[in-house]
Every structure is written in structure tokens, then in C-alpha cells.
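Asker:
Here it is, written out as C-alpha cells:
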């Protein structure tokens with residue numbers, strides 16, 4: 001199970017595979033699932049103010065018997081309840097029951113209010129106050145990072161983004177920009193082509209590579225994400241799958257394998273773009289027909305009233 005440790009530009013070390021709590025909700029269920037993640041050697045837990053389960057992360061950590069230094073905890077400022085960054089981070093560390101988090105992210109650039117430079121200055125104060133060892137962003141594009149870096153005293157350590165073969169072309173500019181500025185890319189929804197977009201162009205290369213390597217298609221997809229230099233945030237309720245994801249760290253894809261996945265991903269991205277365009281067009285047509293029908297109805301009613 002070879003998932004390397006990544007050195008951030010802050011100097012701190014981060015495990016390159018994380019267990020994400022986005023879809024877990026709250027209550028005893030996520031506590032049990034995070035405990036299962038610890039049992040399968042996931043020592044990087046990704047949560048957020050917006051996920052409403054920071055408390056469950058803290059309970060699972062304290063019940064695990066692991067020391068605070070054994071686990072890397074990421075949480076995010078999600079702008080919930082109208083709280084500002086200074087208030088939200090203090091609530092987050094209190095919820096988790098820890099004096100600090102390892103990584104604190106702005107969940108989306110639209111949450112950087114009143115503007116990115118002001119919000120980032122508040123994030124830098126979070127580091128100064130010892131509430132986070134490293135800070136970063138999520139879902140930021142190139143222009144967003146350009147604005148941030150123009151005034152930053154502390155560079156973001158991470159940009160967590162949607163990343164899989166069906167969005168790789170559109171995400172390439174931000175992936176390359178992050179690499180130029182020593183910002184680690186974290187990939188969420190890396191397995192989406194299998195879970196949400198099955199029976200697409202990726203099926204053929206993933207199946208061929210998986211068969212040849214004695215792996216599963218989800219392991220191959222994670223290996224592709226790793227080959228792109230990204231840290232992975234993933235999740236599952238099944239222990240066997242979590243173990244399989246760990247084993248994916250040992251898979252080394254050839255340049256030909258990566259190129260085949262890239263090509264299939266680009267084809268799928270084009271198909272998805274066309275499909276979404278047609279869907280929007282169809283919705284627009286339906287709205288137009290509905291509006292015409294309403295106008296005709298009211299015109300007829302008006303004529304009758306005369």
C-alpha cells in the first residue's frame with residue numbers, strides 16, 4: 001500500500017490519500033465509518049463546516065486511541081450560518097475537540113467575502129493564531145489564485161478540485177498553474193466516471209488495463225489520478241473497497257496506459273458537454289413553449305372579457 005507522504009509548501013507532511021466525509025451526514029453512522037477508515041489505515045480525514053460532521057470526526061478520533069499527531073485533519077470554511085472565518089475556525093476546532101487542524105481551506109471562491117485578498121488575510125491570521133498548520137483553497141480557478149497570490153503573505157498549500165478523466169481537459173490549466181506555484185492539487189470525485197457516468201469511453205481502456213494488471217477499474221482510475229500528481233479524497237462504506245483503494249497505491253501505470261485514459265477521458269468530456277448543451281437547449285425550448293402557451297391563454301381570456 002504505497003501512498004506517499006506529500007510535503008506541502010508550508011513544510012508540513014500530508015498523506016496522499018484521504019477519507020472524505022462529504023456524503024456521510026452526521027450521527028453514529030459517520031462515527032462508525034470513520035473508525036473503519038482508521039482501521040484500514042486512512043490517517044487523513046477530510047471534513048468541512050458544510051458537511052455538519054466535524055463533531056463526528058472528533059468523536060471517532062478520540063475513541064480510536066490514536067494520538068492527535070497520528071491523524072491529518074482537513075476542514076473547510078463553508079460560510080454556513082453567516083459565520084466569518086475567525087468565528088468558523090474556532091467553532092471547527094471546538095467541534096473536533098482539537099487545538100488545531102492540519103489544513104484549513106476556503107471551500108469555494110464565492111465564499112471569499114468581501115473579496116479574496118481580505119478573506120485570505122483572515123486565513124493567514126488563522127495560521128498566526130495556531131488554529132491551522134496549513135491553509136489552502138478549494139474549487140479555485142486560475143484567475144482566483146492569481147488574485148490571491150498577488151497579495152498573499154502565505155501561499156495556499158492546497159487547491160482541492162473536481163478531478164477525473166472526464167474533466168481533465170478543462171481542469172488542466174489550474175492543475176498546471178498549481179504545479180508552477182508549488183500548490184498541491186487534491187482530487188475529489190476521482191471515481192465519478194465509474195459511479196455516475198458508467199458505460200462511457202473510459203470503460204474499454206480501464207477494463208483492459210485492469211485485466212492486464214490484475215486490478216479493478218476503480219484501482220486503475222485512482223492510479224491515474226495519482227500519476228497526475230494529485231492527492232486523492234475518496235470514500236466508501238465498504239471496508240473491502242477501502243482496502244482496495246489503499247492497494248491502488250502500488251499500481252504503476254505506463255505512459256501508454258495514461259495516454260489511453262487521457263484520450264478516452266477527452267472523448268467522454270466532449271460527449272458530456274454536448275449532452276449537457278442539448279439538455280439545456282431542451283429545457284429552454286420547454287420554457288419557451290410554456291411561455292407561449294401562457295401568453296396565448298391570457299390573450300384568449302382577454303379577448304373573451306372584451
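In UniProt numbering, the protein residues as written are 1 to 306. Each residue gets a CB set at the ideal place from its N, CA and C atoms; glycine is no exception. Predicted, not measured: the structure shown is a model, and the values here were computed from it.
If I'm right that residue 136 touches residue 117 with Cβ under 8 Å, what's the distance once you round it to whole angstroms?
Answerer: As a position in the chain shown, residue 136 is number 136, starting the count at 1. As a position in the chain shown, residue 117 is number 117, starting the count at 1. At roughly 16 Å, the Cβ-Cβ gap does not stay under 8 Å, so residue 136 and residue 117 are not in contact.
Asker: Taking the alpha-carbon of residue 232 as reference, which of 75, 11, 19 and 193 has the nearest alpha-carbon?
Answerer: Position 232 of the chain shown, counted from the first residue, corresponds to residue 232. The candidate whose alpha carbon is nearest that of residue 232 is 19.
Asker: Would you give the residue range spanned by the beta strand (DSSP E) that residue 187 belongs to?
Answerer: Taking the first residue of the chain shown as position 1, residue 187 is located at position 187. Element bounds for residue 187: 184-188.
Asker: Quick one: using the 10 Å Cβ neighbour count with 16 as the cut-off for buried, is residue 62 buried or exposed?
Answerer: Taking the chain shown and counting its residues from 1, one reaches residue 62 at position 62. The residue in question, residue 62, is exposed, as its Cβ has fewer than 16 Cβ neighbours within 10 Å.
Asker: Mark residue 269 as exposed unless 16 or more other C-beta atoms lie within 10 angstroms of its C-beta, in which case mark it buried.
Answerer: Here the question's residue 269 lines up with position 269 in the chain shown. Residue 269 is buried by the Cβ-count criterion.
Asker: Per the contact definition of three or more C-beta pairs closer than 8 Å, is the region 55-72 in contact with the region 80-88?
Answerer: The region 80-88 is not in contact with the region 55-72.
Asker: Should residue 99 be labelled buried (16 or more other beta-carbon atoms within 10 Å of its own) or exposed?
Answerer: The residue given as residue 99 occupies position 99 in the chain shown. By the 10 Å Cβ count, residue 99 comes out exposed.
Asker: Along the chain, where does the alpha helix (DSSP H) that runs through residue 62 open and close?
Answerer: Within the chain shown, residue 62 is the residue found at index 62, counting from 1. Run containing residue 62: 54-64, per the alpha helix (DSSP H) assignment.
Asker: How is residue 19 classed by DSSP in three states: helix, strand or coil?
Answerer: Against the chain shown, residue 19 aligns to sequence position 19. Note: residue 19 maps to strand in three-state DSSP.
Asker: Cutting at 8 Å between CB atoms, please list the residues of its own chain near residue 285, excluding the five before and the five after it.
Answerer: Position 285 of the chain shown, counted from the first residue, corresponds to residue 285. With a pLDDT of only 42 at residue 285, under 50, the local geometry of the prediction cannot be trusted, and the value read off the model is given with reservation. There are no such residues.
Asker: With distance defined between alpha-carbon atoms, name the residue in 176, 123, 223 and 241 nearest to residue 90.
Answerer: Within the chain shown, residue 90 is the residue found at index 90, counting from 1. Checked all of 176, 123, 223 and 241; the closest Cα to residue 90 is 123.
Asker: At what residues does the alpha helix (DSSP H) containing residue 232 begin and finish?
Answerer: Indexing the chain shown from 1 puts residue 232 at position 232. Per DSSP, residue 232 belongs to no alpha helix (DSSP H); it is in the beta strand (DSSP E), 231-234.
Asker: Can you tell which of 131, 172, 224 and 198 has its C-alpha closest to the C-alpha of residue 209?
Answerer: Numbered from its first residue, the chain shown carries residue 209 at position 209. Among 131, 172, 224 and 198, the Cα nearest to that of residue 209 belongs to 224.
Asker: How many whole angstroms separate the CB atoms of residue 193 and residue 164, which I take to be in contact at a CB cut-off of 8 Å?
Answerer: In the chain shown, residue 193 corresponds to position 193, counting from 1. In the chain shown, residue 164 corresponds to position 164, counting from 1. Contact flag correct, Cβ pair sits at about 5 Å.
Asker: With contact counted as at least three CB pairs below 8 Å, one residue from each stretch, are the region 170-189 and the region 246-255 in contact?
Answerer: No: fewer than three Cβ pairs fall under 8 Å.
Asker: I want to know whether the region 29-40 touches the region 2-12 - three or more CB-CB distances under 8 Å.
Answerer: Contact fails: fewer than three Cβ-Cβ distances are below 8 Å.
Asker: Using 8 Å as the threshold, is the C-beta distance between residue 72 and residue 107 below it?
Answerer: Along the chain shown, read from residue 1 onward, the residue named residue 72 stands at position 72. Along the chain shown, read from residue 1 onward, the residue named residue 107 stands at position 107. Taking 8 Å as the Cβ cut-off, residue 72 and residue 107 do not qualify as a contacting pair.
Asker: At which residues does the beta strand (DSSP E) containing residue 132 begin and terminate?
Answerer: In the chain shown, counting from the first residue as 1, residue 132 sits at position 132. Residues 132-138.
Asker: Where does the unbroken alpha helix (DSSP H) through residue 38 begin, and where does it stop?
Answerer: What you label residue 38 is simply residue 38 of the chain shown in a count that begins at 1. 28-39 is the extent of the alpha helix (DSSP H) around residue 38.
Asker: Give me, in chain order, the residues of the same chain whose beta-carbon lies closer than 7 Å to that of residue 88; leave out the 5 immediate sequence neighbours on both sides.
Answerer: Here residue 88 corresponds to residue number 88 of the chain shown, with the count starting at 1. Hits under 7 Å: 49 and 77.
Asker: With distances taken from CA atoms, which of 15, 272 and 34 is nearest residue 167?
Answerer: Taking the chain shown and counting its residues from 1, the one referred to as residue 167 is at position 167. The residue with the shortest Cα to Cα distance from residue 167 is 272.
Asker: Where do the N-terminal and C-terminal ends of the beta strand (DSSP E) with residue 75 fall, by residue?
Answerer: As a position in the chain shown, residue 75 is number 75, starting the count at 1. Note, residue 75: beta strand (DSSP E), 72-77.
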